[in-house]
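Asker:
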Amino acid sequence: MFGNVMRNVAMAATLLAGVAGASGANAEQLTVGSFLPGPHHLHTRVLSWFAEELEKQSGGSLTVQVFPGGQLGSGPVQQYKRALEGVADMTLGVSAYTPTVFPKTMLAILPGSSKTAVESTARVWDAYDEYLADEYEDVQLIGLFTVAGNVISSTRDMSTLDAWKGAKLVPYASMTQPILEALDAVPVQMPITDVYTGLSTGTIDAAYTAYSNITPPWNFWDVSPYFVENVPVHFAVLFVVMNKERYEGLSPEHKALIDSLAGRPFSMRAAESFDEADTRARAEMAANPDKMSESKMVRVSDGELARINERSKAGLKAIFAQYQDNGIDDAGEIYKALNP
Numbered sequence: 022m023f024g025n026v027m028r029n030v031a032m033a034a035t036l037l038a039g040v041a042g043a044s045g046a047n048a049e050q051l052t053v054g055s056f057l058p059g060p061h062h063l064h065t066r067v068l069s070w071f072a073e074e075l076e077k078q079s080g081g082s083l084t085v086q087v088f089p090g091g092q093l094g095s096g097p098v099q100q101y102k103r104a105l106e107g108v109a110d111m112t113l114g115v116s117a118y119t120p121t122v123f124p125k126t127m128l129a130i131l132p133g134s135s136k137t138a139v140e141s142t143a144r145v146w147d148a149y150d151e152y153l154a155d156e157y158e159d160v161q162l163i164g165l166f167t168v169a170g171n172v173i174s175s176t177r178d179m180s181t182l183d184a185w186k187g188a189k190l191v192p193y194a195s196m197t198q199p200i201l202e203a204l205d206a207v208p209v210q211m212p213i214t215d216v217y218t219g220l221s222t223g224t225i226d227a228a229y230t231a232y233s234n235i236t237p238p239w240n241f242w243d244v245s246p247y248f249v250e251n252v253p254v255h256f257a258v259l260f261v262v263m264n265k266e267r268y269e270g271l272s273p274e275h276k277a278l279i280d281s282l283a284g285r286p287f288s289m290r291a292a293e294s295f296d297e298a299d300t301r302a303r304a305e306m307a308a309n310p311d312k313m314s315e316s317k318m319v320r321v322s323d324g325e326l327a328r329i330n331e332r333s334k335a336g337l338k339a340i341f342a343q344y345q346d347n348g349i350d351d352a353g354e355i356y357k358a359l360n361p
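The sequence shown begins at 22 in my numbering and counts up by one.
1) Is K357 helix, strand or coil by DSSP?
2) Would you say the stretch 82 to 97 touches the stretch 242 to 250, given that touching needs at least three Cβ pairs under 8 Å?
3) Quick check: the stretch 273 to 287 against the stretch 154 to 163, are there 3 or more CB pairs under 8 Å?
4) Can you find the residues in the same chain that come closer than 8 Å, C-beta to C-beta, to P58, ignoring five residues on each side of it along the sequence?
5) Helix or strand or just coil, what does DSSP make of H64?
6) Can you grab the Cα-Cα spacing for the pair L278 / V85, in whole Å?
7) At which residue ranges does the stretch 154 to 205 contain complete alpha helix (DSSP H) runs of 4 or more residues, listed in the order of the chain?
8) Within the chosen definition, does the stretch 193 to 212 reach the stretch 142 to 153 through at least 3 CB pairs nearer than 8 Å?
9) What would DSSP say about T112, mapped onto helix, strand or coil?
10) For R320, does the count of other Cβ atoms within 10 angstroms reach 16, so buried, or fall short, so exposed?
11) Along the chain, where does the beta strand (DSSP E) containing G348 start, and where does it finish?
12) Would you kindly work out how many angstroms separate the C-alpha atoms of D87 and G107, rounded to a whole number?
13) To which residues does DSSP link L259 through a beta bridge?
14) Taking all protein chains shown into account, decide if E73 is buried (16 or more other Cβ within 10 angstroms of its Cβ) or exposed.
15) Closer than 8 Å is the cut-off here; do at least three beta carbon pairs connect the stretch 323 to 331 with the stretch 249 to 261?
16) Please state if the CB of P208 and the CB of A339 are separated by a distance shorter than 9 Å.
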């Protein structure tokens, strides 16, 4: 009897060893390259959630390591290419830095009916299968989401249409140039990382920003005498994409786990994080009146906003014409799908 017990124990140990060996053999770690600084909320609130869920649901056999601050390649411009070439398994990037790769996605940047990142991102996914999916055939899409440019940081009061005339204004994307020109503003292309210096030196008069840019770590409240609210909301579109071959090389179980979190779930979580960052920034502004003492919040009246929107139609028409010249005849249709 004792011998039988020992044989059963030995068999169990062998089976456990086999399972452990198989688990170790199938263990995968995915790398994520990001140009954003380490404490950014996309890392701490979104990618961390993604990594934790994959590790938990896989029993530890699928893990994720994020390399922030450009550790796998500096700057945001080459992020899509880095995923495509496998420099990182996944990368986080901004569509506007590679506009020729994502021309139809770029239409989500334009002002329309959405006011928040959550509204805009939901509409991107409502339109995705019919209008946008073909732009991501070379990669595995993990997330596609927006951030709202809902306030203008400015050195002048731009609460009326007339005040936009001649203002050197940094847009969220160069494609919006026809709109700003229709408003008699002067578009100046500049990365968000240079806006603080541009405002402080007078190189620019204003920039489209989010409320979260006003407070740390951006600190635009140090260099902006005015923050202009109730403006036409522009959007930045961000993506997280995965190298296609790396994804296809995973086990069916690991791919299924990624699929369950990727797409709309991942994207909406990221959009919520951006909107929450704006909410936290507003609370911080209210809690620090000394920091806001040199800045004035001004609001575009609904009447002036109607004038701005009416004038902007000429810019939208010019943009759609540019798309048609580039062989995309349904730009207006896609825009309407993104702004029902």
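Just so it is clear, CB atoms sit at the ideal spot from N, CA and C, and this is done for glycine as well. All of these numbers come straight from a predicted model, not from anything done at the bench.
Answerer: According to the structure shown:
1) helix
2) no
3) yes
4) P89, G90 and P238
5) helix
6) 13 Å
7) 198 to 203
8) no
9) strand
10) exposed
11) Element bounds for G348: n/a, residue is neither H nor E.
12) Looking at the sequence itself, residue 87 is Val, so the reference to Asp does not match. Each residue's alpha carbon lies about 15 Å from the other.
13) V115 and F166
14) exposed
15) yes
16) no
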